[in-house]
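Trainee: Please find one structure pasted underneath; my questions will follow.
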Amino acid sequence: MDTKTLNIPPEVKREIEEFAAEVERLNRGKVDPEDFKRFRLQQGIYGQRQDDVQMVRTKLSTGRMTTDQLICFADFADK
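Note that this note's numbering has the sequence shown beginning at 5, numbered continuously upward.
Written as structure tokens, this is what we have:
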């Protein structure tokens, strides 16, 4: 996905890249699962009691989003 097209601010892009890198470290066994749990909770990703279900809390810098952003968010949630 082209982050420039989505107008993602550089600091948010950095957070996304850091999260992806930490997931990769977890998958390679380079980070303890409990350490990753603390990390993902700080990022707003919460496990649920159902298998393969997560709750994602989003942060909106202005508390608002455009229609296109909401559609992207809904598409992400569907996947």
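The beta carbon of each residue, even a glycine, is placed where N, CA and C say it ideally should be.
With which residues is Val60 paired in a DSSP beta bridge?
Mentor: One-based indexing of the sequence shown puts residue 60 at position 56. For Val60, which the question treats as bridged, DSSP gives the partners Ile49.
Trainee: Report the residue from Phe43, Val35 and Glu38 whose alpha carbon sits nearest the alpha carbon of Ile20.
Mentor: The residue you call residue 20 lines up with position 16 of the sequence shown. Checking every option, the nearest Cα to that of Ile20 belongs to Phe43.
Trainee: Going residue by residue through the segment 20-48, where are the continuous alpha helix (DSSP H) segments of at least 4 residues, counting only ones entirely within it?
Mentor: Fully enclosed alpha helix (DSSP H) runs of 4 or longer: 37-46.
Trainee: Between Arg61 and the rest of its own chain, which residues show a CB-CB distance below 6 Å, the 5 nearest in sequence each way excluded?
Mentor: Residue numbering aside, residue 61 sits at position 57 when the sequence shown is read from its first letter. Same-chain partners within the cutoff: Gly48.
Trainee: Does DSSP classify Ile75 as helix, strand or coil?
Mentor: Here residue 75 refers to the residue found at position 71 when the sequence shown is read from its first residue. If DSSP states are grouped into helix, strand and coil, Ile75 belongs with the helices.
Trainee: Compare the beta carbon distance of Ser65 and Pro14 with 9 Å and say whether it is the shorter of the two.
Mentor: Here residue 65 refers to the residue found at position 61 of the sequence shown. Here residue 14 refers to the residue found at position 10 of the sequence shown. For Ser65 and Pro14, no; Cβs fall outside 9 Å.
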